[in-house]
Every structure is written in C-alpha cells, then in structure tokens.
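K.L.:
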Amino acid sequence: MRALDHVYHLPCFVCVGCGRQLQKGDQFVVRSGRLYCRPDFEKEMAVMQIVTRGENGQLTPTAPHNGQPRQDGRRGPKRPRTILTTAQRRAFKASFEISQKPCRKVRESLAKET
1 MRALDHVYHL
11 PCFVCVGCGR
21 QLQKGDQFVV
31 RSGRLYCRPD
41 FEKEMAVMQI
51 VTRGENGQLT
61 PTAPHNGQPR
71 QDGRRGPKRP
81 RTILTTAQRR
91 AFKASFEISQ
101 KPCRKVRESL
111 AKET
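Residue numbering for the sequence shown follows UniProt numbering, beginning at 1 and increasing consecutively.
See the structure below:
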C-alpha cells in the first residue's frame with residue numbers, strides 16, 4: 001500500500017493506535033512515518049493538547065503545533081517527560097519481556113496503572 005511517499009507491506013499497513021489493518025479507502029493520517037486511523041488520530045490530537053506556563057506562572061493551554069516551527073521560528077514545547085515509579089517500571093518491563101508488542105488490552109491496563 002502506498003501512503004504519500006511511503007510504501008507499506010499489506011500486513012504493515014495498520015494503525016499504530018488500535019492495531020486495526022487499514023483498507024483501501026479508509027481515512028488515515030501519516031505522522032512521523034506512523035499510520036493512524038482517523039478516530040485514533042483525533043484522540044491523539046485531543047491528548048496532545050499541550051499545557052504551558054504563561055508569563056505570570058499560570059498554566060495555559062496552547063494550540064497543537066504538529067511539530068512545525070512557530071511563526072517566530074521556534075519550535076513548540078516538548079511533551080513532559082514521563083516519570084515511572086520502580087513498581088511501574090517493573091510492570092512495564094515484565095509485560096514487554098513477554099511480548100515486544102503487547103496487545104491493546106495489556107497496554108491499556110498498563111496505562112491505567114501508571
């Protein structure tokens with residue numbers, strides 16, 4: 001399958017969010033070389049609403065920047081670093097030792113735990 005300037009094997013033409021195989025005619029987005037079905041991309045964009053600190057120290061939401069430079073030439077703020085506790089890190093490690101690509105249920109349960 002061809003998406004923009006990328007070519008994918010049919011088994012590799014899947015959404016990275018939900019793992020659903022995309023079919024010809026499905027709406028999808030290619031972002032950083034990764035495929036997203038439309039619903040997952042919209043969910044991802046809702047989650048990516050970045051919160052930054054204003055000049056007065058208050059938290060203010062900003063519009064998504066999609067990794068593109070602002071008009072003043074600077075890039076948007078980076079995603080805050082995720083900090084895991086020792087127990088959370090062990091749970092992730094154990095899960096990913098069983099399978100390099102855990103199923104969605106496992107990933108969702110890990111997300112709820114963290």
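Built from N, CA and C at the ideal position, the CB exists for glycine as well. Being a predicted model, the structure only gives us computed values, none of them experimental.
1) What is the DSSP secondary structure of residue 28, reduced to helix, strand or coil?
2) Classify residue 22: buried if its beta carbon has 16 or more other beta carbons within 10 angstroms, exposed otherwise.
3) In whole angstroms, what separates the C-alpha of residue 26 from that of residue 39?
4) Of the residues 29, 44 and 12, which one's Cα is nearest the Cα of residue 79?
5) In three-state DSSP terms, what is residue 21?
P.N.:
In terms of the structure at hand:
1) As a position in the sequence shown, residue 28 is number 28, starting the count at 1. Residue 28: strand per DSSP, three-state reduction.
2) In the sequence shown, counting from the first residue as 1, residue 22 sits at position 22. Within a 10 Å sphere around the beta-carbon of residue 22 sit 16 or more other beta-carbons, which makes this residue buried.
3) Counted from its first residue, the sequence shown places residue 26 at position 26. Counted from its first residue, the sequence shown places residue 39 at position 39. Rounded to whole angstroms, residue 26 and residue 39 show a C-alpha spacing of 11 Å.
4) Along the sequence shown, one-based indexing puts residue 79 at 79. Residue 79 has its Cα closest to that of 44, out of 29, 44 and 12.
5) Here the question's residue 21 lines up with position 21 in the sequence shown. Of the three classes helix, strand and coil, the one that applies to residue 21 here is strand, per DSSP.
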